[in-house]
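Residue numbers (our numbering): 501 to 1120.
This is how it looks when you write it as structure tokens:
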């Protein structure tokens, strides 16, 4: 099959919507670039480097394919401008008006035009347009015949009665089935706010996505390309049903409104769909009931379901999480339960590699690693990974009476091998780096790489008062107990990102400081307290700062993939039982490398950070 023709776009020089089309017009080169993204993410984790990655599966249609459009609305010269941000405008956040956008279906473009024609009023922030393909739709990929419209409004500016005339005008567009209002503050970091109110028309509707027929509601997740969704679903069926009984039980985590789960249920699997967004789970259940499919939808958190009695270790787990990946609590729960097969559908290679690496370390094998071009003309890539349970990895490096076992990977609650030898020193609190087991030893000095919010001094001291039992005075644990001061030294290695981003969600005046911290006594709580005492909390710490915006840590996680404290024990100096001095070192963990790369550091700079010593000349 020849490569499909890339669309001509009059907005290419400014619009931020199709960056790959702007930089790499040749579609075959775009597909190769996406595979290279997956390979780069894989290679940051040594345990994954030998696993082959297939060629990227391309799309058959590149025009009019966007199932869902999130468009920003602005007012220019008294008229609505509807489109995406201007990538040439820097921090100005100027919106490029994009009538007849070539990647949007015709009906989506007509609705955007209807908004442009309506008298402009402040408070309309955006449009969330979800296209629908009915059972009789002739071309569900490029010309779907239905639409759900969500008007994103600032409720402090635009009240419900004021937005109703616009809703009525949009309902008059043939094919629009329902209109809702989503309430979002202007400075909210996410496109959609937390509350959606139906205004006119239906609140849910039937849709065909790939091989699945489902019901969707306002704000529900949608695969960007229906044709590619079908290919992904076929790949899942092939992976799960080759030489296996078709009635295998499947637990689908992050199931949304059932695009994957309904397809698996139609193939004969008993599916339990787990989705925290209750309206989406309800729509999946309604569709399953109407078609008498063996699917049960549960509106709950994934980690809570895994720990329930309903979860079976010999079953299949299918995960299709959002861009931020699988939460650490879910990974740890799955590593304890060890299901027979894990199928991971990911829209971010970096979080994918972060999430599957612990399973390979724990004895799982990967039978498929396949990228798909789910969102053509962008840099985004969808990837399917199939993991099969193998013998549990329990071996630690050798240990003698005088020499401890040295482990240099992330040690989590799932590490059952650690119980075989006495734990002498190991990362905890979600941190990574050097871990020492077995032989008696005395830790003399710990050197850690730490990322904190804001711009620190070039060097300085960290001090925290703690109770002798290890509790910080800050949390009340030191009341009535003997107190002591814990000291550390730091040198600032870099300020990231280099282009100081201006956002209240990214810290004072933008930027984060990468510190080289050296201390004699060490616990995560002590380090968190020390950094907090100088007004620069550790990024990703499990403690929310008093007065911080609720979205702070989540915003950083979604943008930079960090789901744990950025603390890495790079070097540990210790004396063995004979009094001999030794130093153990650990390369930077793959997930933390990803964070630094996304913050603008180069690979060469990261190598210098890891090898840095406590030396004032290293400060930036």
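Just so it is clear, CB atoms sit at the ideal spot from N, CA and C, and this is done for glycine as well.
Just so it is clear, the structure is predicted and the values come from calculations on it, not from any experiment.
Among the options, whose alpha-carbon lies nearest the alpha-carbon of residue i?
i, options, result
"residue 631", "617, 650 and 622", "650"
"residue 695", "708, 706, 680 and 701", "680"
"residue 898", "921, 884 and 879", "921"
"residue 984", "551, 1021, 1096 and 1028", "1021"
"residue 947", "1084, 588, 756 and 678", "1084"
"residue 715", "858, 598, 732 and 635", "635"
"residue 814", "807, 841, 822 and 821", "841"
"residue 510", "600, 553 and 693", "600"
"residue 638", "905, 927, 708 and 1088", "708"
"residue 686", "704, 1025, 653 and 700", "653"
"residue 737", "768, 701, 755 and 726", "768"
"residue 577", "996, 560 and 595", "595"
"residue 1108", "1070, 926 and 1027", "1070"
"residue 566", "518, 589 and 580", "518"
"residue 1098", "789, 988, 540 and 990", "540"
"residue 718", "568, 524 and 1028", "568"
If we call anything under 8 Å between Cβ atoms a contact, is residue i one with residue j?
i, j, result
"residue 753", "residue 833", "no"
"residue 711", "residue 724", "no"
"residue 611", "residue 670", "yes"
"residue 677", "residue 646", "yes"
"residue 865", "residue 888", "yes"
"residue 1090", "residue 763", "no"
"residue 908", "residue 890", "no"
"residue 607", "residue 644", "yes"
"residue 555", "residue 535", "yes"
"residue 728", "residue 859", "no"
"residue 839", "residue 817", "yes"
"residue 843", "residue 884", "yes"
"residue 571", "residue 627", "yes"
"residue 1016", "residue 935", "no"
"residue 964", "residue 1033", "yes"
"residue 949", "residue 1088", "yes"
"residue 579", "residue 616", "yes"
"residue 990", "residue 959", "yes"
Return the chain-ordered list of same chain residues with a C-beta closer than 7 Å to the C-beta of residue i, the five sequence neighbours on each side being excluded.
i, result
"residue 1039", "951, 952, 953, 1012, 1056, 1062 and 1066"
"residue 662", "621"
"residue 811", "751, 805 and 837"
"residue 593", "585"
"residue 923", "937"
"residue 868", "739, 884, 885 and 886"
"residue 538", "553, 849, 871, 881 and 883"
Who are the near neighbours of residue i in its chain, counting only those whose CB is closer than 6 Å to its CB and skipping five residues on each side?
i, result
"residue 797", "773, 781, 784 and 785"
"residue 618", "666 and 669"
"residue 490", "Since the first residue of the chain shown is 501 and the last is 1120, residue 490 is not available in this structure."
"residue 706", "715"
"residue 1150", "Since the first residue shown for the chain is 501 and the last is 1120, residue 1150 is missing from the structure and cannot be characterised."
"residue 1031", "952, 1037 and 1038"
"residue 778", "799"
"residue 882", "847, 872 and 874"
"residue 870", "554 and 884"
"residue 824", "1057 and 1058"
Drop a sphere of 10 angstroms on the beta-carbon of residue i, count the other beta-carbons inside from all chains shown, and report buried for 16 or more, exposed for fewer.
i, result
"residue 957", "exposed"
"residue 1079", "exposed"
"residue 549", "exposed"
"residue 690", "exposed"
"residue 574", "buried"
"residue 597", "buried"
"residue 1035", "exposed"
"residue 528", "exposed"
"residue 886", "buried"
"residue 771", "buried"
"residue 544", "buried"
"residue 792", "exposed"
"residue 559", "buried"
In the DSSP assignment, what are the bridge partners of residue i?
i, result
"residue 1068", "932 and 949"
"residue 937", "905 and 923"
"residue 704", "717"
"residue 816", "750 and 841"
"residue 664", "Paired residues: none, contrary to the question."
"residue 586", "515"
"residue 899", "In DSSP, residue 899 forms no bridge with anything."
"residue 1142", "An answer regarding residue 1142 cannot be provided, because it is not within the stretch 501 to 1120 covered by the chain."
"residue 866", "887"
"residue 1013", "952 and 995"
If you drop the 5 nearest sequence neighbours on each side, which residues of the same chain put their C-beta closer than 8 Å to that of residue i?
i, result
"residue 901", "939 and 1077"
"residue 1095", "951, 1060, 1061, 1062 and 1066"
"residue 944", "1020, 1073, 1074, 1075 and 1081"
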